[in-house]
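S.K.: The sequence shown runs contiguously to residue 829 in the numbering used here.
All C-beta atoms in this analysis are idealised placements derived from N, C-alpha and C, irrespective of residue type, glycine included.
Since we're looking at a predicted model, the values are computed, not measured.
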Amino acid sequence: MEKAQEKEQMVFRRLGGFPQLLLESAADLEHVQSLDEARWVANSAPVDGLNCDLALRSFLDDDANGRIGPDEVKRACRWMLDMLTDRSDVGKHDAPLRLAAIDRSHDEGRQIHAAARRILVNLGAADHGAIHLEQVRDRAMIMAAAATNGDGVIPAGVADTPALALFIEDIGATTGFQDDASGRPGVTEAHLESFLSQARALLEWRARAGPSLHGAPGSVMPLGDLTEQAWDALSAIRAKVDAYFDLCQLSCFDNRVVEQPGLGKELPEGLATRNAQELAAFLEEIPVARPRTDGKLDLSGWLNPYFRDALLTFHRLAIAQDGHEERSFTRWEWVKARDRLVPHEQWLNQKPETTVHEIPQDRLELYTSDPSLETRLRDLLAADKEVGDELLKIKAVEKLILYQRFLLDLVNCFVSFTAFYDPGRRSLLEMGTLVMDGRRFSLCLSVSNLAEHKKLAAASMIFLLYVRVGGPTDKGGFHVAVAVTSPVRGSLYVGKRGVFVCTDGRVRSAVVVDIAENPISVTEAVRSVFSGIGGLLTRFGEKLSATRNQQLEKTVEESLARTASSLEEIPTSSAAEPAPAVSAAGTRDLLVGGGIAVAALSSSLAYIANTLVSINLFQLLVTITTLLALALVPTVIVAFIKLGRRDLSRVLEAGGWAINHELKVRRDQGTVFSWTPALPANARHKRGDMLDVFKRHVPHEDPFLQRRRTWLLLVLLLVLLALALFLGTRV
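1. To which residues of the same chain is Gly360 closer than 7 Å at the C-beta, ignoring the five residues directly before and after it?
2. Going by other Cβ atoms of all chains shown within 10 Å of its Cβ, with 16 needed for buried, is Arg306 buried or exposed?
3. Do Asp184 and Arg196 have their beta-carbon atoms positioned less than 8 Å apart in this structure?
4. Taking the alpha-carbon positions, what's the Ala193 to Ala299 distance?
5. Do the segment 281–297 and the segment 376–392 make contact, defined as three or more Cβ pairs closer than 8 Å?
6. DSSP beta-bridge partners for Val592?
7. For the beta strand (DSSP E) holding Lys531, just list the boundary residues, first then last.
8. Can you tell me where the beta strand (DSSP E) holding Gln118 begins and where it ends?
9. Using 8 Å as the cut-off, can you tell me whether the segment 606–617 makes contact with the segment 532–548, which would need three or more C-beta pairs spanning the two stretches below that distance?
10. Taking Cβ to Cβ, would you say Leu446 is nearer than 8 Å to Pro320?
11. Within the chosen definition, does the segment 759–777 reach the segment 734–751 through at least 3 CB pairs nearer than 8 Å?
12. Is Leu218 closer than 8 Å to Ala224 when the C-beta atoms are compared?
13. Heavy atom of the ligand HEM less than 7 Å from the Cβ of Gln209, yes or no?
14. Please report the straight-line C-alpha distance between Asp475 and Pro469, rounded to a whole angstrom.
15. Could you tell me which residues DSSP pairs with Ser607 in its beta bridges?
16. Does DSSP put Val454 in a helix, in a strand, or in coil?
17. Could you tell me whether the segment 407–414 touches the segment 330–340, using the rule of 3 or more Cβ pairs below 8 Å?
18. Let me confirm a value: Val720 is counted as buried when at least 16 other C-beta atoms fall within 10 Å, else exposed. Which label applies?
19. Cys346 by DSSP, collapsed to three states: which one?
20. Mapping DSSP to helix, strand and coil, what is Val171?
21. Leaving out five residues on either side along the sequence, give the residues of the same chain with a beta carbon under 7 Å from the beta carbon of Tyr501.
22. Spatial neighbours of Arg524 within its chain, please: C-beta separation below 6 Å, excluding the five flanking residues on both sides.
23. Count Cβ pairs between the segment 529–544 and the segment 507–517 that sit closer than 8 Å; are there 3 or more?
24. Excluding the five sequence neighbours on either side, which residues of its own chain have a C-beta within less than 8 Å of the C-beta of Gly574, listed in chain order?
25. What are the start and end residues of each continuous beta strand (DSSP E) run of 3 or more residues lying completely inside the segment 258–314, in chain order?
26. How far does the beta strand (DSSP E) with Phe110 in it extend, from its first residue to its last?
27. Distance, Cα to Cα, Ala136 vs His577?
28. Taking C-alpha atoms, which residue in Ser619, Leu563, Ser584 and Ala579 lies nearest to Val592?
29. Which of the three DSSP states is assigned to Pro253 in this structure?
30. Out of Arg388, Thr272, Phe405 and Val256, which one is the CA nearest neighbour of Asp330?
31. Relative to the C-alpha of Lys190, which candidate in Thr473, Ala776, Arg503 and Ile739 has its C-alpha closest?
32. Among Ser349, Met108, Phe275 and Met788, which has the Cα closest to the Cα of Glu122?
33. Can you have a look at His442 and say buried or exposed, based on whether 16 or more other CB atoms are within 10 angstroms of its CB?
34. Which class does Val440 belong to by DSSP, given the choice of helix, strand or coil?
35. Does the separation of the CB atoms of His346 and Gly274 fall below 8 Å?
36. Could you check where the beta strand (DSSP E) with Ala140 kicks off and where it finishes?
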């Protein structure tokens with residue numbers, strides 16, 4: 099059967115403008131080994147760019163460099179094909195691994211078969227001939243929580259005796275704990291070896307001290323149990339006492355030495371006002387006592403308080419022990435007592451560097467002399483190692499199940515992009531589907547750096563939405579780049595909200611955070627032209643209306659001013675003058691002013707009407723057509739060029755993929771990635787709008803009555819306008 103598969107020819111089909119190898123079954127995976135990588139669609143991809151099982155990612159990225167290359171894809175295909183004799187279930191996402199399909203003609207296949215068989219037996223499913231991914235992972239979780247789980251770490255809690263638990267605790271406390279697979283702190287074989295090595299070295303060093311032989315020449319402990327205390331005192335004063343006796347010798351030649359050491363008259367000014375730290379530093383620098391010409395160090399006289407306690411302690415333990423009762427000692431007596439501790443100093447210098455010195459002596463001796471604790475711990479470590487080997491085999495079973503299910507899909511993300519274009523399938527590089535603005539957008543790719551991706555994807559000529567999936571405080575949120583390829587932009591803007599349907603069926607919130615502008619369709623380009631013209635006309639009309647309004651306001655103000663001045667010129671009425679004449683004159687002037695205002699408004703309307711009448715209709719149509727052509731033709735040409743250059747490979751490369759060839763999206767292919775779902779096939783559409791039905795139930799005035807009122811107001815305005823014009827002509 100394998101020879102027949104090898105003889106099968108490779109089948110290519112143009113997809114996205116490039117001939118791609120069709121990969122539909124395990125037999126096609128054989129061709130991947132011989133197909134030149136230059137004929138692959140993609141050569142490498144970031145691991146986090148694949149939307150698949152995390153364990154599958156780790157198995158594929160066998161060098162753990164964060165990327166998957168063609169060599170790793172080929173190794174994965176070769177390994178899976180070598181492990182299976184029956185490959186009919188390859189590519190079936192829910193199919194279990196049939197034990198009979200495992201190739202047992204080689205050692206690795208037999209080990210995987212035995213591990214799968216052992217899992218089924220342990221789970222009470224020995225009569226089943228197939229194993230599911232969930233069963234493998236349940237078994238792995240059980241082993242991870244067990245005492246021996248293959249991680250090489252033994253926690254203290256698994257010890258069967260208190261002594262062994264204390265042994266493990268002491269090892270971890272001194273050499274450092276390490277968490278096991280279940281998160282419990284424990285120790286490894288390296289910790290055990292380090293602990294025992296340090297304990298033996300420390301015990302051997304301590305043994306060289308021998309018994310506490312008081313006064314024995316050359317003894318490491320010449321003062322017995324008091325040796326350590328005497329050594330600590332000597333370490334604190336040795337350099338200062340040696341310097342003191344040197345000063346005493348100098349004083350024999352020059353008495354001024356006695357006055358020089360910073361005592362008496364030589365005390366620095368302001369010493370009493372200094373802080374404790376400065377005083378301690380000063381005392382540390384001056385001699386332990388005032389030098390004497392007789393060469394003795396008198397303990398009954400003044401002693402430097404910084405060294406006083408150490409001096410008295412060393413005199414009591416090392417000098418007075420020889421029967422020296424005086425409260426002073428000479429240089430010779432000092433050297434004799436000091437040199438007696440030289441063997442102890444040499445012994446201390448040979449102390450090994452360990453971390454176990456805080457463990458009590460009796461416990462260290464027990465750990466190194468009684469082999470039972472060490473043997474028991476080594477047995478646990480050995481058992482854990484055996485379980486580790488078994489766990490590795492279980493991992494191989496998990497790997498084979500994942501490869502059988504998803505490796506064909508993965509290869510389709512490298513060698514061929516069949517699933518990438520097929521709306522009925524989802525490729526491993528797609529994160530899900532965005533539902534927004536009454537449409538579905540299926541091409542949604544993971545993005546880690548929005549700014550960098552937008553910069554690199556600009557050359558793709560594809561309209562991209564950058565969408566945040568999940569809330570701003572959602573730790574599981576992520577960003578995707580969504581391709582909008584059909585039909586128009588619609589109501590898509592930054593801040594637009596929708597929902598995101600993940601490939602596993604979860605529905606999450608989504609919001610647009612950025613947009614990369616590019617043509618979506620020719621229709622969208624034409625609409626943008628008319629939208630621009632409409633905006634231009636709106637702005638021109640607003641500007642013209644503002645100018646005419648200013649002129650009208652000026653005319654009305656001038657008319658009212660003239661009316662007011664004429665009223666002021668009328669003389670004060672008297673008894674001889676009839677009052678009605680004045681009233682008639684005022685009314686006339688007011689009507690004249692109003693007539694002027696209405697006339698100004700009428701002149702504006704007449705100006706527009708005369709302008710339109712003066713224009714030739716044919717010339718108007720030619721002019722409008724020419725303007726539209728000048729605006730539309732370049733825009734449509736540019737849109738055609740950009741739409742023809744739409745390339746999905748640039749979007750993928752911006753996300754870290756290494757793409758070999760262009761992945762064109764023709765104008766007629768836009769609906770593959772963006773579309774409005776059709777109504778169900780059995781749906782029935784009723785005529786009319788539901789609002790017309792709902793408004794019947796809302797209490798409101800009769801709309802016909804409102805219309806009659808509107809017409810009456812218009813007629814009244816026309817009558818007033820005619821009256822103003824008539825009065826204006828009579829004046």
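M.R.: In terms of the structure at hand:
1. The count along the sequence shown starts at 1 and reaches residue 360 at position 262. Confidence at Gly360 is low in this model, with a pLDDT of 48, below 50, so the placement of that residue should be treated as unreliable; the coordinate-derived value is given next. So the qualifying residues of the chain are Ile384.
2. Taking the sequence shown and counting its residues from 1, one reaches residue 306 at position 208. So Arg306 ends up on the exposed side.
3. In the sequence shown, counting from the first residue as 1, residue 196 sits at position 98. In the sequence shown, counting from the first residue as 1, residue 184 sits at position 86. A contact, by the Cβ cut-off of 8 Å.
4. Locating residue 193 in the sequence shown gives position 95, counting from the first residue. Locating residue 299 in the sequence shown gives position 201, counting from the first residue. Approximately 59 Å between the Cα atoms of the pair.
5. no
6. Sequence index remark: in the sequence shown, residue 592 carries index 494 (1-based). According to DSSP, Val592 bridges with nothing at all.
7. For the purposes of this step, residue 531 is taken as residue 433 along the sequence shown, with counting starting at 1. The residue you asked about is not Lys; residue 531 is Thr in the sequence shown. Here the beta strand (DSSP E) through Thr531 covers Gly530 to Met534.
8. Residue numbering aside, residue 118 sits at position 20 when the sequence shown is read from its first letter. Residues Phe116 to Leu119.
9. yes
10. Mapped onto the sequence shown, residue 446 falls at position 348. Mapped onto the sequence shown, residue 320 falls at position 222. Not closer than 8 Å, so no.
11. yes
12. For the purposes of this step, residue 224 is identified with residue 126 of the sequence shown, where counting begins at 1. For the purposes of this step, residue 218 is identified with residue 120 of the sequence shown, where counting begins at 1. Yes, the Cβ-Cβ distance between Ala224 and Leu218 is below 8 Å.
13. No copy of the ligand HEM appears in this structure; indeed no ligand is present at all.
14. Along the sequence shown, one-based indexing puts residue 475 at 377. Along the sequence shown, one-based indexing puts residue 469 at 371. One point to set straight first is that residue 475 is Leu, not Asp, in the sequence displayed. Taking the straight line from one Cα to the other gives about 10 Å.
15. By one-based count along the sequence shown, residue 607 stands at place 509. Paired residue(s): Val597.
16. Position 356 of the sequence shown, counted from the first residue, corresponds to residue 454. Val454 falls in the coil class under three-state DSSP.
17. yes
18. For this step, residue 720 is matched to residue 622 along the sequence shown. That one is exposed.
19. Taking the first residue of the sequence shown as 1, we reach residue 346 at position 248. Cys346 falls in the helix class under three-state DSSP.
20. Residue numbering aside, residue 171 sits at position 73 when the sequence shown is read from its first letter. Helix at Val171.
21. Within the sequence shown, the letter at position 403 stands for residue 501. Within the same chain, Tyr501 has close Cβ partners Ala174 and Met178.
22. Residue 524 sits at position 426 when you count from the first residue of the sequence shown. The residues are Thr601.
23. no
24. Here residue 574 refers to the residue found at position 476 of the sequence shown. These residues qualify, in order along the chain: Gly568.
25. 283–285
26. Taking the sequence shown and counting its residues from 1, the one referred to as residue 110 is at position 12. Residues Phe110 to Leu113.
27. Sequence index remark: in the sequence shown, residue 136 carries index 38 (1-based). Sequence index remark: in the sequence shown, residue 577 carries index 479 (1-based). Distance between the alpha carbons of Ala136 and His577 is about 31 Å.
28. Working through the sequence shown from its first residue, we reach residue 592 at position 494. The candidate whose alpha carbon is nearest that of Val592 is Leu563.
29. On the sequence shown, residue 253 is found 155 positions in, with the first residue counted as 1. Strand at Pro253.
30. As a working note, residue 330 is residue 232 in the sequence shown. Ranking Arg388, Thr272, Phe405 and Val256 by Cα distance to Asp330 puts Phe405 first.
31. Stepping through the sequence shown from its first residue, residue 190 is reached at position 92. The option with the nearest alpha carbon to Lys190 is Arg503.
32. In the sequence shown, counting from the first residue as 1, residue 122 sits at position 24. The residue with the shortest Cα to Cα distance from Glu122 is Met108.
33. The residue you call residue 442 lines up with position 344 of the sequence shown. Flag for His442 reads buried.
34. Along the sequence shown, one-based indexing puts residue 440 at 342. It is helical.
35. As a position in the sequence shown, residue 346 is number 248, starting the count at 1. As a position in the sequence shown, residue 274 is number 176, starting the count at 1. Here residue 346 turns out to be Cys, not His, going by the sequence shown. Not in contact: Cys346 and Gly274 (Cβ atoms no closer than 8 Å).
36. By 1-based counting over the sequence shown, the position of residue 140 is 42. That run of the beta strand (DSSP E) goes Ala140 to Pro144.
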